[in-house]
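>
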Amino acid sequence: MKKAWILLALTLLLTGCGARATETEPPPPPTTLPQPTRTPPPTATSVVTPTVESDLDGARSGDPLAIEVGELFSTSGSCAICHTNLTDDTGADVSIDSFWRATMMANAARDPYWQATVRSEVMDLPELAEAIEDKCSTCHMPMAHSTVADLGETGVMFGEDGFLNPENDLYSFAMDGVSCSVCHQIREEGLGTEATFSGGFNIDTELRSPDRVIFGPFKIGDPLAKIMQSSSGYRPIQGLHLSRSALCASCHTLYTSYVDASGQIAGEFPEQVPFFEWYYSSYRRTQTCQDCHMPEADGGAKISSMSKILRSPFSVHNFVGGNAYMLGVLDEFGDELGVTASSENFDTAIERTLNQLQNNSATVEFEDVRLSGSRVIADVVVRNLAGHKFPTGYPSRRAWLHFTVLDSSGQTVFESGGFNGDGSIIGNDNDADPTLLEQHYLAIVEPNQVQIYETIMRDTEGEITTALLHAAGYRKDNRLLPDGFEKKSPYEDIAVRGGAMEDDDFQGGGDSIRYAVDIGSAAGPLTVKVELLYQTISFRWADNLRAKDADEIQRFLRYIDTVPNLPVVIAFTSVEVGN
1 MKKAWILLAL TLLLTGCGAR ATETEPPPPP TTLPQPTRTP PPTATSVVTP TVESDLDGAR
61 SGDPLAIEVG ELFSTSGSCA ICHTNLTDDT GADVSIDSFW RATMMANAAR DPYWQATVRS
121 EVMDLPELAE AIEDKCSTCH MPMAHSTVAD LGETGVMFGE DGFLNPENDL YSFAMDGVSC
181 SVCHQIREEG LGTEATFSGG FNIDTELRSP DRVIFGPFKI GDPLAKIMQS SSGYRPIQGL
241 HLSRSALCAS CHTLYTSYVD ASGQIAGEFP EQVPFFEWYY SSYRRTQTCQ DCHMPEADGG
301 AKISSMSKIL RSPFSVHNFV GGNAYMLGVL DEFGDELGVT ASSENFDTAI ERTLNQLQNN
361 SATVEFEDVR LSGSRVIADV VVRNLAGHKF PTGYPSRRAW LHFTVLDSSG QTVFESGGFN
421 GDGSIIGNDN DADPTLLEQH YLAIVEPNQV QIYETIMRDT EGEITTALLH AAGYRKDNRL
481 LPDGFEKKSP YEDIAVRGGA MEDDDFQGGG DSIRYAVDIG SAAGPLTVKV ELLYQTISFR
541 WADNLRAKDA DEIQRFLRYI DTVPNLPVVI AFTSVEVGN
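The sequence shown: position 13 = 13 (this note's numbering), numbered continuously.
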């Protein structure tokens with residue numbers, strides 16, 4: 001078993017606290033957002049000689065970054081020529097290429113679950129295949145998609161003419177994922193508004209080398225600017241919009257079309273809208289997406305091997321998120337998938353992801369635990385530390401409470417929220433039956449009840465589905481709300497759905513739930529434990545693919561059957577009660 005899976009299996013103890021948000025009038029829907037103030041002029045300090053660490057003995061080294069130059073884009077290897085071997089002023093490595101290559105952004109096109117999901121949608125609605133593949137390649141294969149879009153064509157993923165075919169002229173651009181010359185060419189116009197959501201980012205397609213514009217957070221002096229322009233064909237210009245959440249919103253505010261029972265397109269579904277979740281929280285005034293997902297280096301950093309100065313603040317390009325599981329899969333099957341990151345790159349990326357999940361996502365604690373006759377009564381408080389709903393993003397993600405009571409000999413006398421080796425949750429109605437859902441609970445009294453924070457999608461007939469093209473809305477959305485979020489706000493696309501809406505303890509900032517469980521004649525002292533668990537691919541979302549026979553789907557199922565889809569422990573606490 002690789003080191004990545006040892007890291008992924010680690011569970012950390014986490015304690016913390018937070019405060020309930022006060023109810024405030026929600027702000028109006030966003031139109032434009034103010035310029036960030038977090039990027040001061042560059043500073044000039046002495047250069048630190050970079051230290052490059054070698055790969056671990058026997059570990060996979062990864063493939064080289066692609067070096068290819070097109071009329072509109074250059075692949076990451078072209079940029080890495082000058083933007084590698086970088087350090088901050090403490091000597092720590094902040095090389096853009098080594099951090100980026102082990103992220104989900106870099107591997108957006110190689111993600112085997114994404115490929116399997118797109119194939120599944122195409123199999124469900126083959127008459128819409130062209131539209132589906134074009135939509136999905138917009139943000140997962142943006143260089144290839146934007147190139148053909150500029151020619152008035154649609155993006156095709158599968159088949160002889162598809163981007164996934166190595167013989168395709170745009171294959172290298174497609175497989176380079178969300179690469180440097182995508183984000184750094186996005187223009188400011190329209191960011192944070194409907195025009196740029198769902199992959200509607202604006203890239204100038206008229207300019208040609210050497211006059212194409214590339215944006216960065218710093219002003220670049222004429223000598224260095226001319227060197228970059230002559231060597232890369234891009235003219236560097238300061239663009240403070242790269243530090244705004246609205247930039248991320250262009251792909252992470254995603255609406256997808258859905259069909260009715262007759263197969264006709266009937267509307268649009270908010271597949272993921274973390275930008276709005278953030279905008280209607282208290283974090284809108286204090287933190288951007290980049291603050292959490294691209295943390296600043298310690299002090300200044302050299303941003304190019306040609307530079308003689310350190311710039312500050314420098315955002316490390318690690319794009320840390322919550323998908324530790326898929327990073328592990330990419331490492332385990334990296335040779336087959338052609339990833340460019342080494343095992344060491346993935347090991348450190350998984351460490352960062354676990355740290356993000358276990359220190360910056362949520363806390364769980366007991367407000368009160370007591371014995372009442374043969375029952376344990378425990379009040380559990382879960383607090384969301386993220387600047388959006390938790391979990392957020394793609395709707396396959398879920399978190400849940402695993403609550404146990406152990407007797408004096410260590411035997412479990414009550415358990416809610418246990419899980420199986422296949423990643424399914426014991427007692428979860430939806431994992432047991434795809435037509436059912438597990439309700440949101442005010443209190444749990446039986447072991448077959450479990451509090452799961454998740455979305456459950458419905459089709460136009462109200463039936464539960466995991467197919468995005470059939471998703472007309474949510475039957476359930478009780479994901480933990482960020483601090484300052486008003487759950488009764490009128491904005492439909494981020495609304496709470498199901499029983500959590502009537503739960504007075506479920507508010508902006510977190511949730512409280514009571515466990516009142518019978519432990520019979522169990523001998524004390526009793527150990528009462530609760531942990532918050534997290535999964536990026538829910539069991540039901542993976543299992544629903546098993547009925548379909550396609551190469552991409554069968555490959556993903558082989559991966560998930562090989563690599564245990566086990567949850568990450570986000571937070572944990574325990575207490576002893578009784579004699």
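Think of the CB as a built atom: it goes at the ideal place given N, C-alpha and C, for glycine as much as any other residue.
1) Ordered along the chain, which non-local residues of its own chain (more than five positions away) have a Cβ less than 6 Å from that of residue 499?
2) If contacts are defined as beta-carbon pairs under 8 Å, then residue 460 and residue 266 qualify, I think. What distance do you get, rounded to the angstrom?
3) I'd like the list of long-range same chain contacts for residue 432, defined as Cβ closer than 7 Å, with 5 residues on each side in sequence excluded.
4) Which stretch, first to last residue, makes up the alpha helix (DSSP H) that contains residue 430?
5) Fully enclosed by the segment 291–340, which alpha helix (DSSP H) runs are 4 residues long or longer?
6) Looking only at its chain, what residues have a beta carbon closer than 6 Å to the beta carbon of residue 575, apart from the 5 residues adjacent to it on each side?
7) In this structure, how does DSSP classify residue 250 when only helix, strand and coil are distinguished?
8) Between residue 511 and residue 480, which are expected to be in contact by the criterion C-beta below 8 Å, what is the C-beta distance as a whole number of angstroms?
9) Does the segment 189–200 come close enough to the segment 160–172 that 3 or more CB-CB pairs lie under 8 Å?
10) Let me check one thing: in DSSP terms, what residues is residue 384 bridge-paired to?
11) Using the three-state DSSP reduction, which class does residue 499 fall into: helix, strand or coil?
12) Can you name, in chain order, every residue of its own chain whose Cβ lies under 7 Å from the Cβ of residue 455, other than the five neighbours on each side?
13) Compare the C-alpha of residue 136 against each of 108, 319 and 560 and name the closest.
14) Kindly indicate which three-state DSSP category residue 415 falls into: helix, strand or coil?
15) Rounding to the nearest angstrom, what Cα-Cα distance links residue 315 and residue 344 in this structure?
16) Identify which residue in 469, 112, 85 and 457 has its Cα closest to the Cα of residue 126.
17) Quick one: residues in its chain with C-beta nearer than 6 Å to the C-beta of residue 539, no 5 flanking neighbours on either side, listed in chain order?
18) With DSSP as the reference, label residue 545 as helix, strand or coil.
19) Cα separation between residue 300 and residue 89?
20) Just curious, the alpha helix (DSSP H) that residue 131 is in, first and last residue?
21) Should the segment 246–254 be called in touch with the segment 268–278, which here means at least 3 C-beta pairs below 8 Å?
22) With 16 as the cutoff for other CB atoms within 10 Å, does residue 348 come out buried or exposed?
23) Consult DSSP for residue 242 and reduce its assignment to one of helix, strand or coil.
In this structure, then:
1) As a first step, residue 499 must be located in the sequence shown, where it is residue number 499. Result list for residue 499: 439 and 440, in chain order.
2) As a first step, residue 460 is located in the sequence shown; it is residue number 460 there, counting from the start. As a first step, residue 266 is located in the sequence shown; it is residue number 266 there, counting from the start. Right, their Cβ atoms sit about 6 Å apart.
3) On the sequence shown, position 432 is the one that residue 432 refers to. Nothing listed; no residue qualifies.
4) Here residue 430 corresponds to residue number 430 of the sequence shown, with the count starting at 1. Unbroken alpha helix (DSSP H) run through residue 430: 429–432.
5) 324–332 and 334–337
6) Indexing the sequence shown from 1 puts residue 575 at position 575. Counting only Cβ-Cβ distances below 6 Å, and skipping sequence neighbours, we find 366, 369 and 528.
7) The residue labelled residue 250 in the question sits at position 250 within the sequence shown. Three-state result, residue 250: helix.
8) Taking the first residue of the sequence shown as position 1, residue 511 is located at position 511. Taking the first residue of the sequence shown as position 1, residue 480 is located at position 480. Going by Cβ atoms, the distance from residue 511 to residue 480 rounds to 6 Å, so yes, they are a contact pair.
9) no
10) As a first step, residue 384 must be located in the sequence shown, where it is residue number 384. Residue 384 pairs with 362.
11) Taking the first residue of the sequence shown as position 1, residue 499 is located at position 499. Reduced to three states, the DSSP call for residue 499 is helix.
12) Residue mapping note: residue 455 aligns to position 455 of the sequence shown, counting from 1. Counting only Cβ-Cβ distances below 7 Å, and skipping sequence neighbours, we find 395, 474, 476, 477 and 479.
13) Counted from its first residue, the sequence shown places residue 136 at position 136. Minimum Cα distance to residue 136 is reached at 108.
14) Counting from one through the sequence shown, the residue named residue 415 turns up at place 415. In this structure, residue 415 counts as strand in the three-state DSSP scheme.
15) Here residue 315 refers to the residue found at position 315 of the sequence shown. Here residue 344 refers to the residue found at position 344 of the sequence shown. Roughly 21 Å separates the two Cα atoms.
16) Mapped onto the sequence shown, residue 126 falls at position 126. Comparing Cα positions, the closest option is 469.
17) As a first step, residue 539 is located in the sequence shown; it is residue number 539 there, counting from the start. Here the set comprises 423, 424 and 431.
18) Counting from one through the sequence shown, the residue named residue 545 turns up at place 545. Here residue 545 sits in helix by DSSP.
19) To locate residue 300, count along the sequence shown from 1; it is residue 300. To locate residue 89, count along the sequence shown from 1; it is residue 89. So the two alpha carbons sit approximately 6 Å from each other.
20) The residue you call residue 131 lines up with position 131 of the sequence shown. 129–140 is the span of the alpha helix (DSSP H), which, as asked, contains residue 131.
21) yes
22) The sequence position of residue 348 within the sequence shown is 348, counting from 1. Classification for residue 348: buried.
23) Within the sequence shown, residue 242 is the residue found at index 242, counting from 1. Three-state DSSP puts residue 242 in a helix.
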